[in-house]
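Step one of this worksheet: look at the structure below.
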Amino acid sequence: MANGLERGSIPLSELPGGIDLQATLESGQSYCWWRADERTYGAGTDGDDGWYETVVDGDLLRARQTDGELRWEATTDAEPLLYELLRLDDDLEAIRASAAADDVVQDAYDNYWGLRIVADPFFPCLISFICSAQMHVSRIFEMQMALRREYGEEIEVGERTYYDFPTPDALAAATEEELRDLNLGYRAPYVQRTAEMVSEGELTESDVTETAYPAVREELTEFVGVGQKVSDCVCLFSLSCLEAVPLDTWMHTAIEEHFPKCERGNYTDTSDAFRERLGGEFAGYTQTYLFHHLRNED
DNA sequence: ATCCAGGATGTAT
DNA sequence: ATACATCATGGA
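At position 236 of the first sequence the residue is numbered 289 (my numbering), and the sequence of numbers has no breaks.
See below:
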């Protein structure tokens, strides 16, 4: 990697419960990070092994897990940012202690121990989960990279070019046709209109964060392309509502197979019942372990 | 070919 | 409030 980057490392022993960086960043909860060796732009893959990258507010941040440390390098002193984005202060032991004792839950925690809920920046999280509707995880990543390439500000670091996530203004100025050309499909107008809402101040992050869950869940659905499920994802993966339990097709199957009594016929009541069944205030953590576990079995 | 993917929206009832 | 058709796209 080029010189000029600030670097640091955090002993895993300082993180309550440690961390599994791969499970954290490849479990389909965040589309703001990518594997450095899978970049589709720029040249070279030297020294990229095991590194994950993101760009936040004009700064490149790279992170890599080694035997005993979480290493990082960035265009700024990014340790506080890393703590925030990866929720490194969360006490995983305490969270697991609150979780349901069922085998399928405990198997999920065993298999992916160290997975942390992320705290993605609001706008990228909002847009990425609008794009997630009826879409495979791998393609959601591709869509976000395409948005960065086409509408994001370029960041030059050494020989490489990185892209920030587009600003609300930049995406609001895109046309539906342009976004369809990036293979967003029917989500194209949702993305444009939601970006416009944020850009024009009709509804912004600060409006939304004035209230707590579940009121914020209700407010988020005012955005175009945001229903109850996507709203719960933004609550959990950006707004630190660890009790939010997004119900996607995998969770509906899990409820059907393992927690049939939680099925209440509609989203809100089923989600509420499932939250209590999984352990309450940290149910979103357990949900994400479950999601990753179920999606990877076989 | 048919079905499915971290669903949401518009319309009719 | 609830039921249903419709919405792009690519992989299995």
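Backbone N, C-alpha and C fix where the C-beta goes; we use that ideal spot for every residue, glycine too.
In the three-state reduction of the DSSP assignment, residue 115 falls in the strand class. With 16 or more other Cβ atoms inside 10 Å of its own Cβ, residue 287 counts as buried.
With a cut-off of 8 Å on Cβ pairs, the segment 158-167 is in contact with the segment 330-345, counting three or more such pairs. In the DSSP assignment, residue 67 falls outside any beta strand (DSSP E), carrying neither H nor E. For residue 303, the enclosing alpha helix (DSSP H) stretches over residues 302-311. Linking residue 79 to residue 254 through their CA atoms gives a straight-line distance of about 32 Å. Nearest neighbour of residue 347 by Cα position, chosen from 88, 284, 165 and 204, turns out to be 165. In the structure shown, the three-state DSSP call for residue 123 is strand.
Going by beta carbons, residue 280 and residue 244 fall outside the 8 Å limit. By the Cβ rule, the segment 137-149 counts as touching the segment 170-185, because three or more pairs are nearer than 8 Å. Taking C-beta atoms under 8 Å as the contact rule, residue 89 and residue 124 fail to qualify, at a distance of about 12 Å.
Of the residues assessed, residue 239 falls on the exposed side of the cut-off, its CB having fewer than 16 other CB atoms within 10 angstroms. The way I'd put it, the segment 290-300 does touch the segment 328-336; three or more beta-carbon pairs between them come closer than 8 Å. Using a Cβ distance threshold of 8 Å, residue 103 and residue 65 do not count as a contacting pair.
The DSSP assignment places 132-138 and 145-150 as complete runs of the alpha helix (DSSP H) inside the segment 128-160, in order along the chain (cut-off: 4 residues). Linking residue 289 to residue 210 through their CA atoms gives a straight-line distance of about 32 Å. Sixteen is the threshold: since fewer than 16 other Cβ atoms of the shown chains lie within 10 Å of the Cβ of residue 187, the residue is exposed. A Cβ-Cβ separation of about 3 Å places residue 70 in contact with residue 145 under the 8 Å criterion. DSSP places residue 213 in the uninterrupted beta strand (DSSP E) bounded by 213-216. Within the same chain, and ignoring the five residues on either side of residue 221 in sequence, the residues whose Cβ sits closer than 7 Å to its Cβ are 176, 248, 251 and 252. Per DSSP, the continuous alpha helix (DSSP H) segment holding residue 338 begins and ends at 336-349. By the criterion of a C-beta distance shorter than 6 Å, residue 344 is surrounded in its chain by 303, once the five residues flanking it on both sides are discounted. Between residue 180 and residue 224, the CB-CB gap stays under 8 Å. Within the same chain, 229 come within 6 Å of residue 242 by CB-CB distance, once the 5 residues on both sides are set aside. Assignment of residue 60 by DSSP, reduced to helix, strand and coil, places it in the strand class. The shortest C-alpha to C-alpha distance from residue 349 to any of 117, 83, 190 and 85 is the one to 190.
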